[in-house]
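The sequence shown runs 129 to 418 under the numbering used here. Built from N, CA and C at the ideal position, the CB exists for glycine as well. Heads up, the thing below is written out as structure tokens.
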Amino acid sequence: MSTTPLPRYEHAACMARSEKWGNSQERLVILFGGASEGPMNDIWSFDLKQRRWEQVHAQSISQHPPTARTLHTVARIRTSSAVDDHVPHDRIYIFGGGMHQDVPVEDDCMHCLDMDHMVWIVVHPGAGGHDEMVPESRLGHTLSAVGKNVIMFGGMSKWKHYDDLWVFDTEKYTWFKPNVSGQRPDGRSAHSATVMGTDIVIFGGLVNRTQLTVTDEVYILSTDTWTWRKEYPAFLPHDTPGSRIDHDACTIPVPLHTSCDPSTFTRKMCLVGGMNLDSVFNDVFELCLE
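Okay, structure coming up:
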């Protein structure tokens, strides 16, 4: 049995903790799926303290685990434990993904990995009621965790690029579409979505404007008001990330002063790598929104 995951691409990963493994601190990287010679649906954890990989075997409740897929995305929601309100309880949510090329998986369920019990929970479409709307399966979209909600934007299915915004309520296990306003982005895939407080920063992506185009646009969604706005950041010196897809981005929590209060942190985003239609990048950029 391998002690490390196979080399892969188009997988998804996030930080998490698990009481099951005695890791009460956030030091695990959980990796799911991706492709090597073909798509996979395995789970691996990387312990940042012990610097080692371990394959994770999760059981399923009432349904099979998510099938092998690529270009899916994950979001972690932290809630109070059912046993102790003071103990964080991590669940990782997975939606969509691709079977091959631009064909999405035949699966519009929301999959949830309970990190404490290491079991898969499957939320079937319409589980919240017969009239519930659910998003179409897709790939190259983003999921963002804000409070108790998982927020999905964009993605593609074959020739179609989505510009829709969906919210999955992790307490009610239901989807809904908020009424959004403002300058909304065109449909896109392979973009990044970075959570900063209650805002979500969208960068780049592949858009279809008479022809497929890679963009360097920056949009911000306020989840307090469900309002979009387009940003035009200045770049110093005069070097920009340029248009790109398949990059990665994350928040950088930097205190403004000596205080460790997160409310005083600046809003900075780190962008790494990616590609356009000609080149693959290994550069790093920082975007400051304040």
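Contacting residues, own chain, Cβ-Cβ under 8 Å from residue i (five flanking each side not counted)
i, result
"G370", "D344, N404"
"L159", "P133, H139, A140, A141, I171, W172, S173, F174"
Option in the options with minimal Cα separation from residue i
i, options, result
"S317", "A140, W181, G332", "G332"
"T270", "T368, H217, G315", "G315"
"G162", "R180, G224, R206", "G224"
"V202", "D242, Q191, K177", "D242"
"N410", "R395, C416, T379, I373", "I373"
"M246", "T326, S188, G325, I328", "S188"
"M143", "Y221, Q191, R136, G166", "Y221"
"S309", "G325, T353, T368", "T353"
Contacting residues, own chain, Cβ-Cβ under 7 Å from residue i (five flanking each side not counted)
i, result
"L134", "S164"
"P361", "V346, L415"
"D212", "Since pLDDT at D212 reaches only 46, below the 50 mark, its modelled position is unreliable, and no value is offered."
"V233", "T195, R197, G224, G225, G226, M227, S265"
"Q311", "W356, R357, K358"
"D291", "G282, R312, P313, D314, G315"
Per-residue burial, residue i [other beta carbons within 10 Å of its own, 16 or more giving buried]
i, result
"R145", "buried"
"V274", "buried"
"R337", "exposed"
"M261", "exposed"
"H289", "buried"
"W381", "The amino acid at residue 381 is misidentified as Trp; the sequence shows Pro. With fewer than 16 Cβ atoms within 10 Å of its Cβ, P381 is classed as exposed."
"S130", "exposed"
"W113", "Residue coverage of the chain in this structure runs from 129 to 418, which leaves residue 113 outside it and unanswerable."
"L156", "buried"
"L199", "buried"
"A210", "Bear in mind that a pLDDT of 48 at A210, under 50, signals an unreliable position, so the model cannot answer this."
"L176", "exposed"
"T326", "exposed"
"L293", "buried"
"T351", "buried"
Distance between residue j and residue i (C-alpha atoms, nearest Å)
i, j, result
"S320", "D376", "6 Å"
"C398", "V412", "7 Å"
"N169", "V323", "26 Å"
"P306", "T355", "10 Å"
"K358", "R206", "29 Å"
"W181", "C378", "22 Å"
"V231", "T195", "14 Å"
"Q229", "D406", "18 Å"
"L334", "P313", "12 Å"
"E418", "Q178", "36 Å"
"D244", "H185", "13 Å"
"W303", "V251", "10 Å"
"K396", "W287", "34 Å"
"R136", "G401", "16 Å"
"S167", "I330", "The identity of residue 167 in the sequence shown is Pro, whereas the question assumes Ser. Cα to Cα, the separation comes out at about 27 Å."
"H217", "M284", "32 Å"
"L340", "Q191", "38 Å"
"P193", "L267", "18 Å"
"V408", "G282", "23 Å"
"Y301", "T368", "40 Å"
Close beta carbons around residue i, own chain, < 6 Å, minus the five adjacent residues each side
i, result
"Q183", "W172"
"R219", "I205, C240, D242"
"L349", "I328, W356"
"P253", "D236, V262"
Residue i beta carbon near the ligand PLP (any heavy atom closer than 7 Å)
i, result
"H375", "Inclusion of the ligand PLP in the displayed structure is not the case, the ligand content being empty and no account of it being possible."
Practice task
Check whether the segment 291–306 touches the segment 263–283, taking contact to mean three or more Cβ pairs, one atom from each stretch, closer than 8 Å.
Solution key: yes
Practice task
Check whether the segment 236–247 touches the segment 344–356, taking contact to mean three or more Cβ pairs, one atom from each stretch, closer than 8 Å.
Solution key: no
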